[in-house]
Amino acid sequence: MTLIDVLIPLVPGVVLVAFPHVLTPKTASADDAAKRTSKTRKIGYVLVAVAALYFFIMLAEPHVGH
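The numbering of the sequence shown is numbering that gives the first Met the number 0, which starts it at 0 and goes up by one.
Dropping the structure here:
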């Protein structure tokens, strides 16, 4: 496992947590926009957690020849 395996879920996860309204359409009602924002932020948290898990797995792997 390499660093890119950690960065792939980390970058979109951070973007979704920081800017969850990016994926909400402008024409959405206030209630629908709040639901989508909350769901998008939760998906971002899951992606960040997956990246953290990948990072710890990467650290636990034996590094032969380095």
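Glycine residues also receive a C-beta, built at the ideal position from the N, C-alpha and C atoms. Model, not experiment: these values are computed from the prediction.
First through last residue of the alpha helix (DSSP H) which encompasses residue i
i   : result
V10 : L2 to A17
V47 : A29 to A59
With 16 other Cβ atoms within 10 Å as the buried cut-off, status of residue i
i   : result
A50 : buried
P8  : buried
L15 : buried
V10 : exposed
Heavy atom of the ligand FAD within 7 Å of residue i beta-carbon
i  : result
I7 : As far as ligands go, the structure on display features none, and thus does not contain the ligand FAD.
Nearest-angstrom beta carbon gap, residue j and residue i [assumed within contact, 8 Å]
i   : j   : result
V93 : V13 : Beyond the ends of the chain as shown, which are 0 and 65, falls residue 93; an answer cannot be given.
Counting Cβ pairs, one atom from each stretch, are 3 or more of them under 8 Å apart for the segment 13 to 27 and the segment 36 to 54? yes
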